[in-house]
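Protein sequences appear in the order of chains F and V. At position 160 of the first sequence the residue is numbered 159 (numbering that gives the first Met the number 0), and the sequence of numbers has no breaks. At position 126 of the second sequence the residue is numbered 125 (numbering that gives the first Met the number 0), and the sequence of numbers has no breaks. Every residue, glycine too, gets a C-beta built ideally from N, C-alpha and C. Bear in mind the structure is a predicted one, so any value in this text is a computation, not a measurement.
Protein chains: 2
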Amino acid sequence: MNEKAIEEILGGVIRNVLSELKGQSPVSAAGLNTTDSIPVELSARHVHLSEADAVELFGHALTPVRELSQPGQFLAKERVRLIGPKGVMDNVAVLGPSRDSSQVEVSKTDARILGVDAPVRQSGDVAGTPGIILASQTGIVGLEEGVIVASRHIHMSPADASRFGVADSDKVSVHLDSDRPVTLEEVLVRVGDSFNLAMHIDPDEGNSSGWNSQVTGRIVGRN
Amino acid sequence: MNEKAIEEILGGVIRNVLSELKGQSPVSAAGLNTTDSIPVELSARHVHLSEADAVELFGHALTPVRELSQPGQFLAKERVRLIGPKGVMDNVAVLGPSRDSSQVEVSKTDARILGVDAPVRQSGDVAGTPGIILASQTGIVGLEEGVIVASRHIHMSPADASRFGVADSDKVSVHLDSDRPVTLEEVLVRVGDSFNLAMHIDPDEGNSSGWNSQVTGRIVGRN
Numbered sequence: 000m001n002e003k004a005i006e007e008i009l010g011g012v013i014r015n016v017l018s019e020l021k022g023q024s025p026v027s028a029a030g031l032n033t034t035d036s037i038p039v040e041l042s043a044r045h046v047h048l049s050e051a052d053a054v055e056l057f058g059h060a061l062t063p064v065r066e067l068s069q070p071g072q073f074l075a076k077e078r079v080r081l082i083g084p085k086g087v088m089d090n091v092a093v094l095g096p097s098r099d100s101s102q103v104e105v106s107k108t109d110a111r112i113l114g115v116d117a118p119v120r121q122s123g124d125v126a127g128t129p130g131i132i133l134a135s136q137t138g139i140v141g142l143e144e145g146v147i148v149a150s151r152h153i154h155m156s157p158a159d160a161s162r163f164g165v166a167d168s169d170k171v172s173v174h175l176d177s178d179r180p181v182t183l184e185e186v187l188v189r190v191g192d193s194f195n196l197a198m199h200i201d202p203d204e205g206n207s208s209g210w211n212s213q214v215t216g217r218i219v220g221r222n
Numbered sequence: 000m001n002e003k004a005i006e007e008i009l010g011g012v013i014r015n016v017l018s019e020l021k022g023q024s025p026v027s028a029a030g031l032n033t034t035d036s037i038p039v040e041l042s043a044r045h046v047h048l049s050e051a052d053a054v055e056l057f058g059h060a061l062t063p064v065r066e067l068s069q070p071g072q073f074l075a076k077e078r079v080r081l082i083g084p085k086g087v088m089d090n091v092a093v094l095g096p097s098r099d100s101s102q103v104e105v106s107k108t109d110a111r112i113l114g115v116d117a118p119v120r121q122s123g124d125v126a127g128t129p130g131i132i133l134a135s136q137t138g139i140v141g142l143e144e145g146v147i148v149a150s151r152h153i154h155m156s157p158a159d160a161s162r163f164g165v166a167d168s169d170k171v172s173v174h175l176d177s178d179r180p181v182t183l184e185e186v187l188v189r190v191g192d193s194f195n196l197a198m199h200i201d202p203d204e205g206n207s208s209g210w211n212s213q214v215t216g217r218i219v220g221r222n
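Dropping the structure here:
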């Protein structure tokens with residue numbers, strides 16, 4: 000441990016003592032707001048479809064039935080079947096609006112059942128990922144690529160980013176106050192004008208942490 | 000933050016600076032060895048059987064085929080089918096030797112598929128847990144209770160406990176150096192003369208952390 004490291008640690012301790020004395024929320028040595036909580040949402044397996052693939056499967060564009068937490072995003076009335084080399088999953092949710100290319104988001108557990116070696120990726124980053132077959136009652140589409148395990152992330156507005164002491168593309172550690180408490184590391188911060196504050200985890204992360212819809216997260220470190 | 004808390008934090012910082020200057024491994028404020036690594040093993044779904052249930056299912060006692068990491072424990076040749084109200088799982092491993100009562104260890108994901116509301120419990124703590132039906136080619140057994148999601152834990156010898164600065168029944172936070180890095184909190188320490196050093200996690204914890212057999216853990220805090 001060098002002098003700089005010692006200075007940083009002691010500096011953090013002293014900063015927090017001073018914050019406490021002034022009655023402010025504690026700020027970590029890294030300048031993070033580690034007190035305010037973030038809603039945690041579980042993204043169950045779902046599909047995003049291109050317009051062409053939606054028409055191929057259903058004969059028409061997607062039909063919105065429910066708004067999601069991020070503005071403009073919706074759950075569609077339509078459902079699809081995923082057909083992998085080892086397994087099949089029925090009644091899989093489709094989210095809209097349509098994107099430039101179709102994408103399938105599953106958990107590692109799902110991927111194993113389907114027989115698809117899906118990597119952990121951020122949404123949209125599908126180059127070189129495995130494909131899969133999508134089917135409806137009336138159509139079938141073969142995706143060349145697009146199956147991913149969605150990497151955990153936090154949506155937030157610029158105002159929230161300023162409040163938490165983070166910036167777009169930061170990676171942070173987030174503590175979940177759940178039944179099987181964990182700190183998830185390398186959580187990507189995504190800042191956008193239209194984003195509502197929400198952390199998204201996948202079903203494996205939800206099951207392993209004992210997640211329920213009341214669970215919240217706190218940023219506890221920067222990676 | 001009171002004076003005592005400030006003293007504790009500064010005390011920890013000073014202790015570590017002194018350890019570093021003396022060339023020793025860092026010891027946390029809580030007196031933990033946070034440097035040495037612990038092998039992490041994934042416990043896939045499995046069943047422990049009482050002698051009576053083994054005989055009911057197979058007509059004889061269990062047949063060992065492979066030693067497990069904890070001395071005396073083995074994987075049996077025999078396999079069972081789990082039959083829950085919503086789903087069935089075939090070819091489930093049976094571990095020996097036989098215990099006083101049968102117990103089924105599944106993940107939350109499995110429990111959902113089977114339709115059984117299994118709580119997170121330590122092995123052996125099955126009072127009030129749901130039952131399930133076990134079947135073989137030749138027999139069937141209905142368990143009144145015994146289905147649990149095994150709570151993560153670390154087996155270690157008294158010498159390891161001394162080395163890590165922990166005691167039996169302590170709960171600690173363990174950082175996994177995996178592809179999706181996490182810190183699992185409230186991990187139970189189980190100290191026994193016959194225990195080999197190994198942390199056991201369940202398949203949901205394995206999938207959500209990107210576990211593989213090379214992954215190790217470090218104790219990073221006491222809960």
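(message) Could you check whether the Cβ of residue 179/F sits closer than 8 Å to any Cβ belonging to chain V?
(response) yes
(message) Between which two residues does the beta strand (DSSP E) holding residue 203/F run?
(response) Counted as a single uninterrupted DSSP element, the stretch harbouring residue 203/F is not any beta strand (DSSP E) but the alpha helix (DSSP H) occupying residues 202-208.
(message) By DSSP's criteria, residue 91/F is part of a beta bridge. Which residues make up the other side?
(response) 79/F
(message) Using the three-state DSSP reduction, which class does residue 63/V fall into: helix, strand or coil?
(response) Three-state result, residue 63/V: strand.
(request) Would you grab the beta carbon distance between residue 60/V and residue 53/V for me? Rounded to a whole angstrom, and I think it's under 8 Å. (result) 6 Å
(message) Check this for me: beta carbons of residue 198/F and residue 40/F, under 8 Å apart or not?
(response) yes
(request) Would you kindly work out how many angstroms separate the C-alpha atoms of residue 174/F and residue 62/V, rounded to a whole number? (result) 44 Å
(request) Using three-state DSSP, classify residue 97/F as helix, strand or coil. (result) Here residue 97/F sits in strand by DSSP.
(message) I want to see whether chain F comes within less than 8 Å of residue 211/V, judged by CB atoms only; does it?
(response) no
(request) Under 6 Å Cβ to Cβ from residue 76/V, same chain only, skipping five residues before and after it: list those, please. (result) 62, 64
(request) Under 8 Å by Cβ, that's how I've got residue 91/F and residue 98/F pegged, so tell me the actual separation to the nearest angstrom. (result) Contact doesn't hold; Cβ gap of about 16 Å is too wide.
(request) Drop a sphere of 10 angstroms on the beta-carbon of residue 44/F, count the other beta-carbons inside from all chains shown, and report buried for 16 or more, exposed for fewer. (result) buried
(message) Residues in the same chain with beta-carbon distance under 6 Å from residue 216/V, minus the five sequence neighbours each way, listed in chain order, please.
(response) 37, 39, 173, 175, 198
(message) Using the three-state DSSP reduction, which class does residue 133/F fall into: helix, strand or coil?
(response) strand
(message) Quick check: is the beta carbon of residue 207/F nearer than 8 Å to any beta carbon in chain V?
(response) yes
(message) Does any residue of chain F have a CB that is nearer than 8 Å to the CB of residue 97/V?
(response) With 8 Å as the cut-off, residue 97/V does not count as an interface residue toward chain F.
(message) Taking its Cβ as the centre, do 16 or more other Cβ atoms sit within 10 Å of residue 131/F, making it buried, or is it exposed?
(response) buried
(message) Let's see if you can read the secondary structure: which residues bound the alpha helix (DSSP H) around residue 54/F?
(response) Run containing residue 54/F: 50-57, per the alpha helix (DSSP H) assignment.
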